[in-house]
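Okay, so here's the structure we're looking at.
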Amino acid sequence: MTLQGRDKKHLWHPLTQHKLHPEAIAITKAKDCILTDENGNDYIDAIASWYTCMYGHCNDYITSKVSNQMQQLDQVVFSGFTHEPAIKLSEALINILPKNQNKIFFSDNGSTSVEIGIKMALQYHFNQGEKRNTLIALEDGFHGDTFGAMSVSGLSVYNGPFEDFFLEVKRIPTPNGKNHETILKILKHITEHHKVAGFVYEPLVQGAAAMKMYNANGLEQILKFCKTNNIITVADEVMTGFGKTGNYFASLHLETKPDIMCLSKALTGGLLPMALTTCSQKIYDAFYSDDIGKGLFHGHTYSANPLACTAALASIELLTSKEIQNNITRIVGSHQVFGAHIKKHPKVKSIRQSGVIFALDLNVEMERYGNLRDLLFNFYMERGVFLRPLGNTIYIQAPYIITEEQLEKVYKTIEDSLAIV
Ligand SMILES: *Cc1c(COP(=O)(O)O)cnc(C)c1O
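Written out as structure tokens, the structure reads:
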């Protein structure tokens, strides 16, 4: 029996209604930008497997570093113990993070890194004898699937069964360049009526909202308002981190730096699951006390797994290399050329780009998981390109090592697909 056939017996897939989508494609191999399925078909991974494998799949440099580390130290408790991979990673990260970030807390997925950011923000105030119980978030944000992360995400139809159990969250509109005044009024109103602990946001690009890109100046004003009102700012850079927006982090494009940052996805170059919540000295100091109860009592069994730390360190070495930086510049340029060309197409409503993230909106209404979406997805796969349209948005976020030839094929396949919508 095929892997696809055997899969159906016991496996339950994420974000899947199995009755409507019974078939999973069995991938047997991945190298650089290419995924290979069990029938020998190749696909260009134009979304880097949810923006993780930015240095290419099974990257030789990362895998060799990790396989050496495997012979030395595999896993150890990170409460009371420490190790070189975690220390080296912290040193490398501090070099590239916004200057105010000074402490690094480990976990193992993006949702959890947000969960920890929220707990840090709430306990920051609690430790100073101030009970603040409300969070602010942007309307279209996505921050993960655990309860705290779901609470600060824009309400989605898929959250229905859980909404009664959410944290207290007030939503504000996403800055669009014209609504600063309105947003500041709403913020004032919220802070007058609620005790606001923190603001959670995806800086500049909202990934799951279909790569929505928004106004930096508007965000700057929100962040300044938060600083003035001692509202802890939590930048969720799980998607935008590690070079996507053309800078190491999206927060580096902004003047006002976040108090807390959440990182995952490209952190380990896709090799192993890991996440980080980083913070400024000010946040850390609020937990540093003779009172044990003021500590951050949060921990995961696999916190700072030495193999994942090694993969992350190797990934940062690649990210900061001349070669990858040149590749990023090349991809940014290619996207610009493609964008200028495709935006004139009658089926294209608009295009947008931030660094290596490129998105176009189609001139047609589409459901997020509807038939037209499936039609497009199949069109791409049949032509050897893995893209996942989000509603009527088609986006590219390919590995930094994608070749020009592969990129051209992705562009051409997208252009050809416009004929079927
Ligand atoms: C993917 C994502 C998350 C959730 O990360 P998981 O590892 O899937 O739990 C959180 N925030 C953003 C911005 C993301 O893109």
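If you read the sequence shown in my numbering, its first letter stands for residue 220, the second for the next number, and so on. Backbone N, C-alpha and C define an ideal beta-carbon position, used for all residues, glycine too.
| Item | Value |
| --- | --- |
| Nearest-angstrom Cα separation, counted from Ala427 out to Ile639 | 24 Å |
| C-beta neighbour in chain B for Asp364, strict 8 Å | No chain B appears in this structure, which consists of one protein chain only. |
| Ala530 and Leu581 closer than 8 Å at C-beta | no |
| Sequence-distant residues of the same chain with beta carbon closer than 8 Å to Trp269, five excluded per side | Lys484 |
| Other residues of its chain near His554: CB distance less than 6 Å, five sequence neighbours each side excluded | Gln572 and Phe577 |
| Close-in-space but distant-in-sequence residues of the same chain around Gly394 (CB under 6 Å, 5 per side omitted) | The sequence given here places Pro at residue 394; Gly does not occur at that position. Correct list, in chain order: Tyr433, Asn434, Gly437 and Leu438. |
| Where Ser534 falls, given that 16 or more other Cβ within 10 Å makes a residue buried | buried |
| Closer than 7 Å: Gly426 CB and nearest ligand 1 heavy atom | yes |
| Check: Ser522 C-beta below 7 Å from any heavy atom of ligand 1 | no |
| His472 to His229 span [Cα, whole Å] | 46 Å |
| Length of the line joining the Cα atoms of Val285 and Glu400 | 50 Å |
| Cα-Cα separation between Arg549 and Ile409, rounded to whole angstroms | 44 Å |
| DSSP three-state assignment for Lys568, whether helix, strand or coil | strand |
| Backbone CA spacing between Gly514 and Phe345 [nearest angstrom] | 11 Å |
| Residues near Gln294 in its chain [Cβ-Cβ closer than 8 Å; skip 5 each side] | Tyr521, Asn524, Pro525 and Leu526 |
| Span separating the alpha-carbon of Glu542 from that of Leu308 | 21 Å |
| Span separating the alpha-carbon of Met430 from that of Gln342 | 31 Å |
| Assigned exposure category for Ala617 - 16 Cβ within 10 Å defines buried | buried |
| Coil, strand or helix - His554 by DSSP | helix |
| Distance between beta carbons of Lys463 and Ser470, contact taken as under 8 Å | Not quite, the Cβ-Cβ distance comes to about 12 Å (not below 8 Å), so this is no contact. |
| First through last residue of the beta strand (DSSP E) which encompasses Met480 | Ile479 to Leu482 |
| Unbroken beta strand (DSSP E) run spanning Lys389, endpoints | Val388 to Ile391 |
| Touch test, the segment 270-278 against the segment 233-245, Cβ-Cβ under 8 Å, three pairs minimum | no |
| Alpha-carbon to alpha-carbon, Asp251 and Ile651 | The question about residue 651 has no answer, for the chain in this structure spans 220 to 640. |
| Whole-number beta carbon distance between Lys404 and Arg351, since they are thought to touch under 8 Å | Not a contact, Cβ separation roughly 21 Å. |
| Asp359 beta carbon near ligand 1 (any heavy atom closer than 7 Å) | no |
| Cβ-heavy atom distance, His560 to ligand 1, below 7 Å | no |
| Any non-hydrogen atom of ligand 1 closer than 7 Å to Met458 Cβ | yes |
| Lys248 - containing beta strand (DSSP E), residue span | Ile246 to Lys250 |
| For Asn597, the three-state DSSP class (helix, strand or coil) | helix |
| Enclosing beta strand (DSSP E) for Thr452 [first to last residue] | Ile451 to Asp455 |
| Gly360: CB within 7 Å of a non-hydrogen atom of ligand 3 | Ligand 3 is not among the ligands present in this structure, which contains only ligand 1. |
| Given 8 Å, three or more beta-carbon pairs between the segment 323-337 and the segment 446-455 | yes |
| Pair within 8 Å by beta-carbon distance, Leu595 and Ser636 | yes |
| Nearest to Met170 (by Cα), restricted to the options Gly489, Gly488 and Tyr467 | Shown here, the chain extends from 220 to 640; a query on residue 170 therefore has no answer. |
| Residue from Tyr614, Ser508 and Glu627 with nearest C-alpha to Val567 | Tyr614 |
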